[in-house]
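Taking it in order: structure first as structure tokens, then the write-up.
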Amino acid sequence: RSRTGYKIASFSQRRRPAVIFLVDLSTPSSSFPRLGESLSCLSRFPCPQGLSWRLRPPVHRRVLPRQAAPIMQLTQPTTAAKLLLLWASVSDLCSAAPHYDSPRERLLRGMDIPASYRKKSTGNPYTPGFRDPNDGAVDSVGDGLDPLPFRNGLGASVLGPWNSERSRQNPDLVRPPSTDKGNMPNMRWSFADSHIRIEEGGWTRQTTVRELSTSVELAGVNMRLGEGVIRELHWHKEAEWAYVLDGEVRVTALDYEGGNFIDDLKKGDLWYFPSGVPHSLQGLSPNGTEFLLIFDDGRFSEESTFILSDWLAHTPKSVIAENFHLEPEVFKHLPEGEKYIFQGTLPGPIDEERPKGKHAKKSRFNFTHRMLDQEPEQTSGGEVRITDSKNFPISKTVAAAHLTIQPGALREMHWHPNADEWSFFIKGRARITIFAAEGTARTFDYVPGDVGIVPKNMGHFVENIGDEPIEMLEIFRADEFRDFSLFQWMGETPKKLVIDHLFKDDKENGEKFWNEVKEAQKDPVTKFQKTKAGSDEAQKVEEL
């Protein structure tokens with residue numbers, strides 16, 4: 001009640017629901033003649049069972065978990081204002097969580113367990129007392145946690161400058177698994193950190209070896225075109241592979257034999273233009289289009305393409321006139337420089353737009369492919385679609401896989417023998433540990449819009465640490481997609497050899513391991529289906 005000078009705000013967070021009372025003691029003395037009276041006023045507030053009062057001083061928000069230090073701000077603070085902060089832990093308020101919020105307490109009270117709860121451990125992992133010898137994943141974004149460098153009793157809080165948002169997206173850099181060792185170059189880049197070139201009706205940004213030093217084999221460009229907006233007629237030294245992220249786009253090209261190609265693409269479709277093939281792109285749908293471009297050289301620059309208007313602007317008009325058999329005056333209003341991305345006229349149907357000249361001919365090559373229309377390989381933890389030169393013959397230098405990884409699932413431990421992996425994350429949150437031999441391993445975290453690199457032959461996995469499916473692309477500078485499965489390798493190796501390597505002094509667990517891998521089944525996206533005896537409630541409690 002603003003008339004009496006105190007303001008009440010309530011909030012509910014996943015781990016610690018609470019009620020905060022802010023008492024503005026700068027109000028006239030007639031409103032609160034004595035502090036005791038103010039407390040008595042609050043004490044008459046109807047509180048549900050289990051509500052307890054305690055004074056709490058201000059807390060530095062990096063020393064304690066983020067949930068324990070919410071920030072409340074008055075709309076009209078005064079220099080004389082003094083605030084009394086009363087903190088109440090609520091046991092059962094408006095169907096809120098139990099007083100001690102844990103999976104076990106929720107089950108005992110008949111409440112549902114949020115999917116975002118971790119299955120291996122409970123409590124805040126970024127505290128000195130937390131222990132997890134198995135280095136389980138933490139979804140700091142989904143759980144709203146602020147990572148701090150504490151691990152199994154080691155580490156300390158942070159006193160200096162700290163970027164909470166960046167640390168939340170990179171929890172395994174702040175608190176690496178105990179298995180991480182040695183030095184490794186950076187294998188992660190976010191397109192959010194790339195410079196955006198803004199043009200008429202669109203924009204573009206890139207991730208190359210200049211932004212990410214390990215991106216040596218491939219470069220990526222993220223481009224947006226509005227409805228009718230054109231990426232100017234151009235060509236480049238590198239081959240171009242592309243995946244449509246959203247919307248519809250029209251592509252045109254001229255093949256090596258002089259044949260014209262036109263096609264309209266939607267989300268999940270691909271195109272591939274070999275080196276030197278001239279082409280154009282134009283947004284079609286009402287909200288335009290956005291796509292990911294991949295070039296088969298990490299040194300590629302979007303600024304170095306060969307553009308029609310740029311070429312003509314730097315060619316004498318007498319030569320242009322001679323080339324096109326027209327008078328020079330015809331070309332007096334040509335663009336003075338490159339147009340690059342610009343608003344164009346929305347095209348009609350392909351049959352109406354296709355050239356109909358005496359010598360015009362349709363290309364016999366297919367430069368496009370419907371990747372998401374492929375029948376996926378169903379796995380225990382998701383789906384896989386592979387597109388390479390086997391089913392998209394013209395794509396000679398780029399191969400790719402589209403993966404869906406369900407929550408709790410894992411892109412199995414594997415490696416690629418023929419090329420570096422250039423990954424792009426479309427949805428979800430993931431962590432990847434890269435094994436580089438010589439006792440070296442490093443873990444990186446990825447969110448939508450991130451690029452990941454895994455050098456050729458380095459072992460790795462992709463773990464879904466969030467509560468939504470991961471959608472990602474694995475892209476390679478290769479004509480075929482190839483990988484080796486660790487699981488399959490173990491099953492295809494003689495039993496005694498495997499057990500001598502891993503379980504020589506633990507025969508009982510060696511037998512368990514062999515019985516699991518002996519069928520040598522390759523499961524690219526795998527999910528461990530736990531089975532335990534007992535009721536559903538007992539099973540959940542035991543697992544959690």
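Numbering-wise (full-length UniProt numbering), the sequence shown opens with residue 1 and increments by one.
Note that CB positions come from ideal geometry on N, CA and C, so glycine has one too.
Test item: CB-CB of residue i and residue j under 7 Å
| i | j | result |
| --- | --- | --- |
| Lys339 | Ser301 | no |
| Gln282 | Ile341 | no |
| Ala313 | Gly337 | yes |
| Met187 | Phe444 | yes |
| His402 | Met371 | yes |
| Phe150 | Thr127 | yes |
| Glu232 | Leu284 | no |
| Ser167 | Val174 | yes |
| Phe191 | Arg205 | yes |
| Phe424 | Leu502 | no |
| Gly182 | Gly510 | no |
| Asp420 | Pro376 | no |
Sequence-distant residues of the same chain with beta carbon closer than 7 Å to residue i, five excluded per side
| i | result |
| --- | --- |
| Asp296 | Leu218, Glu238, Ala239, Thr397, Val398, Arg477 |
| Ser485 | Glu412, His414, Lys522 |
| Ser116 | Bear in mind that a pLDDT of 47 at Ser116, under 50, signals an unreliable position, so the number given afterwards is only what the model happens to contain. Asp139, Gly142, Asp143, Asp467. |
| Asp246 | Lys267, Thr289, Glu290 |
| Glu463 | Ala137, Leu410, Ala430, Arg431 |
| Pro176 | Thr443 |
Neighbour-count burial assignment, residue i, 16 or more Cβ in a 10 Å radius
| i | result |
| --- | --- |
| Ala520 | exposed |
| Glu257 | exposed |
| Leu326 | exposed |
| Thr387 | buried |
| Pro328 | exposed |
| His234 | buried |
| Trp311 | exposed |
| Pro355 | exposed |
| Ser395 | buried |
| Ala409 | buried |
| Ser304 | exposed |
| Arg434 | In the sequence as displayed, the identity of residue 434 is Ile instead of Arg. Per the 10 Å Cβ criterion, buried. |
| Thr207 | buried |
| Ile475 | buried |
| Lys120 | Note on Lys120: pLDDT 40, under 50, position unreliable in the model; the coordinate value appears next. Answer is exposed; the Cβ neighbour count stays below 16. |
| Val330 | exposed |
| Ala437 | exposed |
| Pro171 | buried |
| Pro133 | exposed |
Neighbourhood of residue i by C-beta, 6 Å cutoff - its chain only, sequence neighbours within 5 removed
| i | result |
| --- | --- |
| Asp255 | Ser363, Phe365 |
| Pro125 | Val138 |
| Phe324 | none |
| Asp269 | Val244, Arg370 |
| Glu286 | It is worth fixing the name first, because residue 286 is Pro in this sequence and not Glu. Closer than 6 Å at the Cβ level, and outside the excluded window around Pro286, lie Glu227. |
| Phe392 | His369 |
| Gly160 | none |
| Ser280 | Leu233, Thr252 |
| residue 608 | Residue 608 lies beyond the residue range present for the chain, which begins at 1 and ends at 544; the question has no answer from this structure. |
Closest by C-alpha distance to residue i, when choosing among the options
| i | options | result |
| --- | --- | --- |
| Gln378 | Tyr272, Asp506, Val525 | Val525 |
| Phe528 | Pro407, Asp135, Gly428 | Pro407 |
| Phe461 | Asp193, Pro347, Gly452 | Gly452 |
| Leu334 | Pro316, Gly348, Pro349 | Pro316 |
| Trp203 | Ser190, Asp420, Gly226, Lys181 | Gly226 |
| Gly228 | Arg250, Leu212, Asn260, Glu474 | Arg250 |
| Gly201 | Pro177, Gln169, Thr345 | Thr345 |
| Gln169 | Pro133, Pro448, Gly439, Val384 | Pro448 |
| Leu368 | Glu421, Pro347, Asp263 | According to the sequence provided, residue 368 is Thr. The question's Leu does not apply to it. Looking at the Cα atoms, Asp263 is the closest of the given residues. |
| Glu471 | Val384, Val498, Gln488, Lys512 | Val384 |
| Ala360 | Asn515, Pro147, Phe261, Trp489 | Phe261 |
| Asp193 | Asp450, Glu516, Phe513, Lys495 | Asp450 |
Contact set for residue i: own chain, Cβ-Cβ below 8 Å, skip 5 residues either direction
| i | result |
| --- | --- |
| Pro199 | A small correction: the amino acid at residue 199 is Glu; Pro does not occupy that position in the sequence shown. Tyr340, Ile341, Phe342, listed in sequence order. |
| Pro469 | Gly382, Thr404, Ile405, Gln406, Pro407, Lys427, Gly428 |
| Leu293 | Gly220, Val221, Asn222, Met223, Glu240, Trp241, Ala242 |
| Ser389 | Ser395, Lys396, Ala399, Asp479, Glu480 |
| Ser156 | In the sequence under discussion, the amino acid at residue 156 is Ala, which differs from the Ser named in the question. Same-chain partners within the cutoff: Pro149, Phe150. |
| Asn457 | Trp415, His416, Pro417 |
| Glu492 | Ala520 |
| Lys507 | Ile499 |
| Phe306 | His234, Trp235, His236 |
| residue 545 | Nothing in the structure corresponds to residue 545, since the chain is present only between 1 and 544. |
Closer than 7 Å to chain E by CB, residue i
| i | result |
| --- | --- |
| Gly491 | No chain E appears in the structure shown, which is made up of a single protein chain. |
Uninterrupted alpha helix (DSSP H) stretches inside the stretch 113–193 (no shorter than 4 residues): 164–169, 171–174
Whole beta strand (DSSP E) elements within the UniProt domain "Cupin type-1" (369–510), 3-residue minimum: 377–379, 382–387, 399–405, 410–415, 421–427, 430–435, 441–446, 450–454, 459–464, 470–476
Alpha helix (DSSP H) segments (min. 4 residues) lying fully within the UniProt domain "Cupin type-1" (190–332): 308–313, 317–324
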